[in-house]
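The structure appears right after this line, and notes come after that.
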Amino acid sequence: MRQKIVAANWKLNKTLSEGIELVKFLQLKVNEYDKVIKIICPTFPLLYPIGQVLNKEKNFYLGAQNCSAFEKGAYTGEVSASILKSVHCDYVIIGHSERRSIFNESEEILKRKLERALNENIKAIYCVGEELEQRKNRLQFDVVEKQLENIFSLNNEQLSQIIIAYEPIWAIGTGVNASPKEAQEMHRFIREIIAKKDTNIANAIPVLYGGSCNAGNASQLFSQKDIDGGLIGSASLKGEEFIQIIYAAS
Ligand code: PGA
């Protein structure tokens, strides 16, 4: 049985007081027996203070939304993996489609980010997913397979620190989720691709679904054989809704 994981990608939302209030609400609603790993990914300045209130006994962990491809030095505005580690970050999202498209992050850059994070023992939530046009042309499997190449150069120990998030771009923030069948089909494909490298890792690696996942569709999505939880954007900003998503994974 793979561990269920629900990650909250707050993106560019939540001030410090709003973030603390939300986390406190969630932690009140969840008991110690809840085994779902909950990863809260706020903006950089909120990492340390949010980390201070996260309760690991209830399986709440801290994640960043990005990290630098550089280690240290004259890179104004960047935040390195080692700095993330120093504020007790356990996870980092790498390769989110918004980073790929708006900030032009190439596969090469993403590979360096992955290496930086894994060197610091930060687990990476590596995002993959196709555009609508690509799906219409039935290219979704080719696109995702290509995006997965980055993790193929990792050794098995590093690979075991990776969580994959399948996020079809046409589903992100649109209110149109992939159907459980479409998502399951891709999650299974992802596992098959990884199995070419190592079957044990392919069976063990968590593969999360992201893209308009909400309280209404989470249980159906999470009940699919190869879906191990979700990477949640807008629905993670509302306490009442996000708690339902956590319950759906429990
Ligand atoms: P969404 O975003 O849940 O708002 O669609 C998901 C994501 O971008 O990670």
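Reading the sequence shown from the start, the letters are residues 3 to 252 in my numbering.
For every residue, glycine included, the Cβ atom is placed at its ideal position computed from N, Cα and C.
Values in this document were obtained by computation on a predicted structure and should not be read as measured data.
Item: Return yes when the C-beta of LEU233 is under 6 Å from any heavy atom of ligand 1, and no when it is not.; Value: yes
Item: Use the C-beta contact count for SER238: other C-beta atoms within 10 angstroms, 16 or more gives buried, fewer gives exposed.; Value: buried
Item: Roughly how many whole angstroms lie between the Cα atoms of ASP228 and ILE196?; Value: 13 Å
Item: Can GLY65 be considered in contact with ligand 1, in the sense that its beta carbon sits closer than 6 Å to one or more heavy atoms?; Value: no
Item: If you reduce the DSSP assignment to three classes, tell me which class LYS199 lands in.; Value: coil
Item: Thinking ALA10 and ILE42 are a contact (beta carbons under 8 Å), I'd like their distance in whole angstroms, please.; Value: 5 Å
Item: Identify every run of the alpha helix (DSSP H) within the segment 5-64, keeping only runs that are complete inside it and at least 4 residues long; order them along the chain.; Value: 18-31 and 46-55
Item: Let me make sure I understand the geometry here. Which of ASP230, GLN160, CYS129 and ILE22 has the alpha-carbon closest to that of GLU169?; Value: CYS129
Item: Per DSSP, ILE96 forms a beta bridge with which residues?; Value: TYR128
Item: Count the other CB atoms within 10 Å of the CB of ILE104; is the residue buried (16 or more) or exposed (fewer)?; Value: exposed
Item: With GLY21 and LEU48 assumed to form a contact (beta carbons below 8 Å), what rounded beta-carbon distance in angstroms separates them?; Value: 5 Å
Item: Would you tell me roughly how many angstroms separate the C-alpha atoms of MET3 and ASP36, rounded to the nearest one?; Value: 15 Å
Item: Write down every uninterrupted run of the alpha helix (DSSP H) in the segment 175-236 whose length is 4 residues or greater and which is fully enclosed by it, in chain order.; Value: 182-197, 201-206 and 220-224
Item: Can you round the beta-carbon distance between LEU28 and PHE244 to whole angstroms, since I take them to be within the 8 Å contact cut?; Value: 7 Å
Item: For ALA167, which of helix, strand or coil comes out of DSSP?; Value: strand
Item: Only counting the same chain, and skipping five residues up and downstream in sequence, which positions put a Cβ closer than 7 Å to that of VAL145?; Value: GLU132 and GLN136
Item: Counting beta carbon pairs with one atom in the segment 153-164 and one in the segment 113-128, are three or more of them shorter than 8 Å?; Value: yes
Item: To which residues of the same chain is ASN219 closer than 7 Å at the C-beta, ignoring the five residues directly before and after it?; Value: ASN179
Item: DSSP on ALA71, reduced to helix/strand/coil?; Value: coil
Item: Output the distance between the C-alpha atoms of GLY177 and LEU223, rounded to the nearest integer angstrom.; Value: 15 Å
Item: Between the C-alpha atoms of SER252 and VAL38, what's the straight-line distance to the nearest angstrom?; Value: 6 Å
Item: Tell me which same chain residues have a C-beta within less than 6 Å of the C-beta of PHE46, skipping the five on either side of it?; Value: VAL81
Item: Can you give the beta carbon distance from ILE203 to ILE166, rounded, assuming they're within the 8 Å contact cut?; Value: Wrong, their Cβ atoms sit about 11 Å apart, outside the cutoff.
Item: Would the beta-carbon of ASN11 be found less than 6 Å away from any heavy atom of ligand 1?; Value: yes
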